[in-house]
Amino acid sequence: MSRLPRFQEHLKTGFTAEAVSAAYFRAYAERAEKAGKTNLAARWRDLAAEKDRLAAIQLEAAGKVHDEVTALRAALAEEKYENDVLYPRMMRDVDDQTAEVFRQVVAAQQEQAAVLEQLQDDLQSAAGDI
Numbered sequence: 010m011s012r013l014p015r016f017q018e019h020l021k022t023g024f025t026a027e028a029v030s031a032a033y034f035r036a037y038a039e040r041a042e043k044a045g046k047t048n049l050a051a052r053w054r055d056l057a058a059e060k061d062r063l064a065a066i067q068l069e070a071a072g073k074v075h076d077e078v079t080a081l082r083a084a085l086a087e088e089k090y091e092n093d094v095l096y097p098r099m100m101r102d103v104d105d106q107t108a109e110v111f112r113q114v115v116a117a118q119q120e121q122a123a124v125l126e127q128l129q130d131d132l133q134s135a136a137g138d139i
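Count along the sequence shown from 1, add 9, and you get the number used in our numbering.
Structure (structure tokens):
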């Protein structure tokens with residue numbers, strides 16, 4: 010049984026559904042772009058942007074959008090968990106081809122973590138917008 014209040018559980022479920030749909034739509038857009046169907050790709054991207062907007066509304070309603078410092082701290086913690094725990098655990102349970110996909114994801118996420126760390130440093134040393 011979830012420890013979250015029901016409304017937050019539903020907002021989390023709705024957020025996840027919209028975010029996953031947006032990712033699918035962006036993947037469909039990439040496939041359409043590679044096939045030379047730029048108009049179709051643009052329409053998929055527009056739909057993905059709308060799904061992102063709907064996901065953000067639910068995230069905000071759930072009280073999960075925080076100030077910059079808290080957001081960066083949470084993002085770095087999430088990247089660390091994914092890189093150090095989640096993906097290595099999954100890599101042990103899959104075939105070599107899938108493990109290679111996860112290794113590529115971890116490599117990209119390590120770069121993202123470095124960007125987040127730099128962003129955190131920049132934010133701490135800035136008096137205003139960075």
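Ideal placement from N, C-alpha and C gives every residue a C-beta, glycine not left out.
Rounding to the nearest angstrom, what Cα-Cα distance links residue i and residue j in this structure?
{"i": "Asp102", "j": "Pro14", "result": "33 Å"}
{"i": "Gln113", "j": "Asp93", "result": "14 Å"}
{"i": "Arg54", "j": "Ala65", "result": "16 Å"}
{"i": "Ala122", "j": "Glu87", "result": "9 Å"}
What is the DSSP secondary structure of residue i, counted as helix, strand or coil?
{"i": "Gly45", "result": "coil"}
{"i": "Leu20", "result": "helix"}
{"i": "Leu13", "result": "coil"}
Would you decide whether residue i is buried or exposed? Buried here means 16 or more other CB atoms lie within 10 Å of its CB.
{"i": "Glu77", "result": "exposed"}
{"i": "Glu109", "result": "exposed"}
{"i": "Glu27", "result": "buried"}
Does the beta-carbon distance from residue i to residue j come in below 7 Å?
{"i": "Ala38", "j": "Asp61", "result": "no"}
{"i": "Leu63", "j": "Gln129", "result": "no"}
{"i": "Ala50", "j": "Ala57", "result": "no"}
{"i": "Leu68", "j": "Phe24", "result": "yes"}
{"i": "Val115", "j": "Tyr90", "result": "no"}
{"i": "Gln17", "j": "Ala83", "result": "no"}
Problem - Ranges of the alpha helix (DSSP H) found wholly within the stretch 64 to 137, counting only runs of at least 4 - result: Fully enclosed alpha helix (DSSP H) runs of 4 or longer: 77 to 90, 96 to 100, 105 to 134.
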